[in-house]
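Numbering (this note's numbering), first residue to last: 7 to 212. Glycine residues also receive a C-beta, built at the ideal position from the N, C-alpha and C atoms. In this text the structure is predicted, and so the values were computed from the model without any measurement. Below: the structure, in structure tokens.
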């Protein structure tokens, strides 16, 4: 542990997220779909290791805990307004629709994959879960996959896949959370999908 805490450079060491009451197990499943390894020691916080081979609880990981009662009350009030007929409903729909069309503009965090094949396998795993898993259907989905040179791509140096979920978020659950799965490099022209953006099932709650 001492060696892990003596990193010589500044690093982003963790992301803190929250989930709804009763959705701890579902939260672990979402992290695992993203390619993380989860560890639940029974305390208030569960850990998701970004590198599945790592056991460093202090760096390169996500933490998740149940929302506070105050946040849950705010979430409920916001959800009620978002499902109503007023300005909050119309503006939130426009906001979320824009983010799902252009997920690069969403607040998100990214996970780098060392192999493109592993990223693409994760995308298909997530897409399938969002379409057919009884617990995750509509709760997790693929907003888009962007290859260098393709529509919507903003870089020639990486493949970006954006995953949307409302199971866990680093903020308000009512707005959901995007997570970028990223592979750094330029895939050869023989790769399926190169030169285009592929969108998939987009998670929606309610």
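Inset, instruction - Decide if residue 206 is buried, meaning its Cβ has at least 16 other Cβ atoms within 10 Å, or exposed. - result: Your numbering for residue 206 matches position 200 in the chain shown. Any reading at residue 206 is ruled out, since the residue's pLDDT is 44, under 50, leaving its predicted position unreliable.
Legend entry - Residue from 55, 172, 182 with nearest C-alpha to residue 118: On the chain shown, residue 118 is found 112 positions in, with the first residue counted as 1. Cα-wise, what sits closest to residue 118 is 55.
Inset, instruction - For the stretch 125-192, list the beta strand (DSSP E) runs that are entirely contained and at least 3 residues long, ordered along the chain. - result: Unbroken beta strand (DSSP E) stretches of 3 residues or longer found wholly inside the stretch 125-192: 146-152, 164-171, 183-190, given in chain order.
Inset, instruction - Closer than 7 Å by C-beta to residue 112: which residues in its own chain qualify, once you throw out the five before and the five after it? Chain order, please. - result: In the chain shown, counting from the first residue as 1, residue 112 sits at position 106. Cβ contact annotation for residue 112 (same chain, cutoff 7 Å, sequence separation greater than five): 105, 184, in chain order.
Legend entry - Cβ-based neighbour list, residue 213, same chain, cut-off 6 Å, excluding 5 preceding and 5 following: Because the chain spans 7 through 212 in this model, residue 213 falls outside it and cannot be assessed.
Inset, instruction - Determine the extent of the alpha helix (DSSP H) in which residue 101 is found, giving its start and end residues. - result: Numbered from 1 along the chain shown, position 95 holds the residue referred to as residue 101. Counting along the chain, the alpha helix (DSSP H) containing residue 101 begins and ends at 93-107.
Inset, instruction - Inspect the beta-carbon positions of residue 58 and residue 41 and report whether they are closer than 8 Å. - result: What you label residue 58 is simply residue 52 of the chain shown in a count that begins at 1. What you label residue 41 is simply residue 35 of the chain shown in a count that begins at 1. Taking 8 Å as the Cβ cut-off, residue 58 and residue 41 qualify as a contacting pair.
Legend entry - Cβ pair residue 71, residue 36 closer than 8 Å: Position 65 of the chain shown holds residue 71. Position 30 of the chain shown holds residue 36. No, the Cβ-Cβ distance between residue 71 and residue 36 is not below 8 Å.
Inset, instruction - Enumerate in chain order the residues of its own chain whose CB-to-CB distance from residue 43 is below 6 Å, with the five nearest sequence positions on each side excluded. - result: For the purposes of this step, residue 43 is taken as the residue at position 37 of the chain shown. Only 55, 58 meet the Cβ criterion.
Inset, instruction - Could you tell me if residue 136 is buried or exposed, where buried requires 16 or more neighbouring beta carbons within 10 angstroms of its beta carbon? - result: Taking the first residue of the chain shown as position 1, residue 136 is located at position 130. With 16 or more other Cβ atoms within 10 Å, it is buried.
Inset, instruction - State whether the stretch 167-176 contacts the stretch 140-154, with contact taken as three or more CB pairs (one from each stretch) at a distance under 8 Å. - result: Judged by Cβ distances under 8 Å, the stretch 167-176 makes contact with the stretch 140-154, as three or more pairs qualify.
Inset, instruction - For residue 19, name the three-state secondary structure that DSSP assigns. - result: The residue labelled residue 19 in the question sits at position 13 within the chain shown. Residue state, collapsed to three classes: coil.
Legend entry - Assigned exposure category for residue 109 - 16 Cβ within 10 Å defines buried: Residue mapping note: residue 109 aligns to position 103 of the chain shown, counting from 1. Buried, because 16 or more other Cβ atoms sit within 10 Å of the Cβ of residue 109.
Legend entry - C-beta contact flag for residue 33 and residue 18 at 8 Å: Position 27 of the chain shown, counted from the first residue, corresponds to residue 33. Position 12 of the chain shown, counted from the first residue, corresponds to residue 18. No.
Inset, instruction - Look up residue 123 in the DSSP assignment and say whether it is helix, strand or coil. - result: Mapped onto the chain shown, residue 123 falls at position 117. In this structure, residue 123 counts as helix in the three-state DSSP scheme.
Legend entry - Those residues which DSSP pairs with residue 86 across a bridge: Here the question's residue 86 lines up with position 80 in the chain shown. Answer is none; residue 86 lacks a bridge partner.
Legend entry - The alpha helix (DSSP H) enclosing residue 36, as first and last residue numbers: In the chain shown, the residue the question calls residue 36 occupies position 30. Bounds of the alpha helix (DSSP H) holding residue 36 are 30-39.
Legend entry - Pair within 8 Å by beta-carbon distance, residue 187 and residue 127: Taking the chain shown and counting its residues from 1, the one referred to as residue 187 is at position 181. Taking the chain shown and counting its residues from 1, the one referred to as residue 127 is at position 121. Not in contact: residue 187 and residue 127 (Cβ atoms no closer than 8 Å).
Legend entry - Sequence-distant residues of the same chain with beta carbon closer than 8 Å to residue 125, five excluded per side: Against the chain shown, residue 125 aligns to sequence position 119. Closer than 8 Å at Cβ, skipping near neighbours: 119, 165, 167, 187, 188, 189.
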